[in-house]
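Residue numbering for the sequence shown follows this note's numbering, beginning at 680 and increasing consecutively.
Glycine included, C-beta positions come from ideal geometry on N, C-alpha and C.
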Amino acid sequence: MKLTLAERGRWKFRLGSLGLGVLAAGAVFGASLAVSDDLRLMYLVGVIVLFCGATWMGAKSWRDWLSLCLLYLPLAGMFGFFVLGQLPFLWPHLLLWALAIAIGLSLLAARLNRKAMISGVVILFAISVWYCMSYIPDRMKRATNHFGDGAAPEFAFQAVSEDAVPTTATPGKILLIDFFGTWCPPCIAELPEIVRVRAGLQNRRDIEFVVGGTNAGGDTPERLALSPGGSTLPFRSLSIREKKRMPHLV
């Protein structure tokens, strides 16, 4: 069955929309790898690319809803698979990306009220500012800070340092365990600050500093024994094997 010229043009347009969708997904996850893994950056890059792509689509054929789906699905699918499983509270990403597409798709439609479309852009901008400045930081803070009265998970400790390493606080002393990961950029970045704090408290015999790496992140005693620069960590170290899996964010 041969396609008419109009049908061929329509399918070419749909393939172009799919290509834009793949480009949007590549831009979002590429920025998170090359620039920053900040979730707000992922959202903003997605909004900009999808809005521009939808505006181009609207100028060509704004009623083609299959093209709209092809633009949206690559990024939505990848985000849902790689991110939402661990951070389900980021579902507004998907909703606001869809809103950006809807506004961009209709922006250049001659039959629609231009003032209404401009109002839509302003509303999307206002919601995006609130979402990035308030919602995401607040929910991330809640997700990474857990306090409760329940008992802590059970651990099995294996000393990495040659010296004796305390595993429990003794009466009259404070034991500070920094949960470290050789795969964790924030953990590596905070090491100099912990070194400075420890140096300022070196005369306090009642405070003990220990660095602990867990099997949850794949660290082994051999990997934990060396810092990222190849030198020994400036603290006594533990390899911690969790007997009961703790919920954590990667």
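Helix, strand or coil at residue i according to DSSP, with G and I counted as helix
{"i": "F768", "result": "helix"}
{"i": "F888", "result": "strand"}
{"i": "L855", "result": "strand"}
{"i": "C863", "result": "coil"}
{"i": "V714", "result": "coil"}
{"i": "P871", "result": "helix"}
{"i": "T683", "result": "coil"}
{"i": "R883", "result": "coil"}
Cut-off 7 Å between Cβ atoms - residues of its own chain near residue i, not counting five sequence neighbours on either side
{"i": "L749", "result": "R693, S696, L697, G700"}
{"i": "I873", "result": "D857"}
{"i": "L763", "result": "L769, W770"}
{"i": "D885", "result": "G851, K852, I853"}
{"i": "G908", "result": "Confidence at G908 is low in this model, with a pLDDT of 44, below 50, so its placement is unreliable and the value that follows should be read with caution. Once the five neighbours on either side are set aside, G908 has no close Cβ partner at all."}
Delimiting residues of the alpha helix (DSSP H) encompassing residue i
{"i": "F804", "result": "793–809"}
{"i": "S813", "result": "It is not in any alpha helix (DSSP H) - S813 carries neither H nor E in the DSSP assignment."}
{"i": "L786", "result": "Unbroken run through L786: none, as it is neither H nor E."}
{"i": "G756", "result": "744–758"}
Identity of the residue in the options nearest residue i by Cα
{"i": "R875", "options": "F888, L729, M721", "result": "F888"}
{"i": "F858", "options": "G725, I867, W809", "result": "I867"}
{"i": "L855", "options": "P864, L702, L775, V890", "result": "V890"}
{"i": "A822", "options": "G725, F760, Q765, G759", "result": "Q765"}
{"i": "G799", "options": "W809, L786, V808", "result": "L786"}
{"i": "G705", "options": "V728, W809, K794", "result": "V728"}
{"i": "S736", "options": "D717, V724, N882, K691", "result": "With the sequence shown as reference, residue 736 is identified as Met, and Ser is not the correct amino acid for it. Per the Cα distances, K691."}
Sequence-distant residues of its chain with Cβ nearer than 6 Å to residue i (five each side left out)
{"i": "C811", "result": "R719"}
{"i": "A733", "result": "I780, G783, L784"}
{"i": "M757", "result": "A704"}
Contact belief for residue i with residue j at Cβ below 8 Å, rounded distance in angstroms
{"i": "L754", "j": "V707", "result": "6 Å"}
{"i": "V726", "j": "S807", "result": "6 Å"}
{"i": "L745", "j": "L778", "result": "Contact doesn't hold; Cβ gap of about 19 Å is too wide."}
Residues near residue i in its chain [Cβ-Cβ closer than 8 Å; skip 5 each side]
{"i": "Y751", "result": "G700, L729, W776, A777, I780"}
Heavy atom of the ligand SAM within 7 Å of residue i beta-carbon
{"i": "G737", "result": "With respect to the ligand SAM, the structure offers nothing, as it holds no ligand at all."}
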